[in-house]
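Right, one structure below, let's go through it.
In my numbering, the protein residues as written are 7 to 420.
Pasting the structure below:
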């Protein structure tokens, strides 16, 4: 069997394991990349190691270190509680505020998983006291976190934009963010209307004591000030987000606004390992010709006119069980140029946006980390089995909704 075919089988094996096992597939991907590169393609070990995405690694590490300071010193918690108290007890707007809080927090750097881990316990506890349905609360937190997940300064947004830049689709950060945000905002509004939001308009005011304030301290002010300078540098002056994040995190520690040990504990090493490991295998896949075989398989599923919806549906179904950022994005985005060539048409940017949106919309499924975190945060006395079932049905439904959204509306963003 050729090295190209073996590399493609290795990728399919990684996807299969990500669907069925708790193993961090980044580890498996590097092992398979070494085996295929050295023993099938006849490469030297240095050639395999050269496939490691060092620039992406530094960027992800820098951004997550900076957020690690803000998380560890309580800045993000203080921001969340300030937003909740701004409701003045109006329960009907609580789900929508949770969506906005999750979206803003996620877009500032940490991404959807870290944001959900931060907000879900607070949101679920508050929703319990306010008698807001747990299902609606989970959808608001999950969709909000995903809505901000692809901002140009978030960890996952940086990943997606770097993958797109490698295939000649650089400079589309706004389209990537707004397409993803719009899709999640629309489904969140529908969820609010269908699952209790309208009825909550008649609910009594929630006592302000239920939303305990977090004291705003000097370290929080310093963190927000440094963070604002970092965001301005990245967005206005096009400074590299990863390297400048290292500088910003260092400034916060030196000024006493954070602790380096606590900062390092907040870094999502499993996600970074998964993303970088799969990227190594994708590098081997590209150089051995396996990517050409992969795009040939994908091209048999669609036509130039239907590719947006088909690719969104396929990535959505895979993402229901697998890691969106660690497996789906690194595997499918590099395949776009070859897919367009095999199809004989199609807009590469539209296909990229469809992959981004289709894979993300399903991520409130309980089989994903986001859905799991929401279920784990449910207070005692609630039916978690029912919530699991509802979120599972929602996740599968979103693979269809994502396909329809991308087939009809994605051209507006491209």
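Note that the Cβ used here is the ideal one computed from N, Cα and C, for glycine as well.
Remember, predicted model here, so these are calculated numbers, not experimental data.
Hey, quick one: how far does the alpha helix (DSSP H) through residue 346 stretch, first residue to last? Note, residue 346: alpha helix (DSSP H), 342 to 349.
To the nearest angstrom, how far is it from the Cα of residue 262 to the Cα of residue 109? 28 Å
Assuming contact is defined by CB atoms lying nearer than 8 Å, are residue 228 and residue 254 in contact in what I supplied? Taking 8 Å as the Cβ cut-off, residue 228 and residue 254 do not qualify as a contacting pair.
Is residue 87 helix, strand or coil when you go by DSSP? helix
In angstroms with no decimal places, state the Cα-to-Cα distance between residue 144 and residue 326. 16 Å
Nearest to residue 293 by alpha carbon, out of 22, 47, 15? 47
What would DSSP say about residue 250, mapped onto helix, strand or coil? helix
Residue 65 and residue 164 - do their beta-carbons sit closer together than 8 Å? Their beta carbons are under 8 Å apart, which means residue 164 touches residue 65 by this criterion.
Other residues of its chain near residue 366: CB distance less than 7 Å, five sequence neighbours each side excluded: 152, 155, 186, 330
I need the straight-line Cα distance from residue 302 to residue 53, nearest angstrom please. Our two residues, residue 302 and residue 53, have alpha carbons roughly 26 Å apart in a direct line.
Is it true that the CB of residue 42 sits closer than 8 Å to the CB of residue 489? As shown, the chain starts at 7 and ends at 420. That puts residue 489 outside it, with no answer to give.
With residue 175 as the anchor, note down where its alpha helix (DSSP H) starts and where it stops. First-last for residue 175: undefined, no H or E at that position.
From residue 345 to residue 356, what does the alpha carbon distance come to, in whole angstroms? 12 Å
Buried or exposed: where does residue 180 fall if 16 or more other Cβ atoms within 10 Å of its Cβ makes it buried? exposed
Endpoints, the alpha helix (DSSP H) within which residue 147 is located: 140 to 153
According to DSSP, is residue 397 helix, strand or coil? helix
Take residue 385 and list the residues in its own chain whose beta-carbon comes closer than 7 Å to its own, dropping the five residues that flank it on each side. 130, 131, 134
If you count every other CB in all the chains shown that lies within 10 Å of the CB of residue 389, and 16 or more means buried, which is it? exposed
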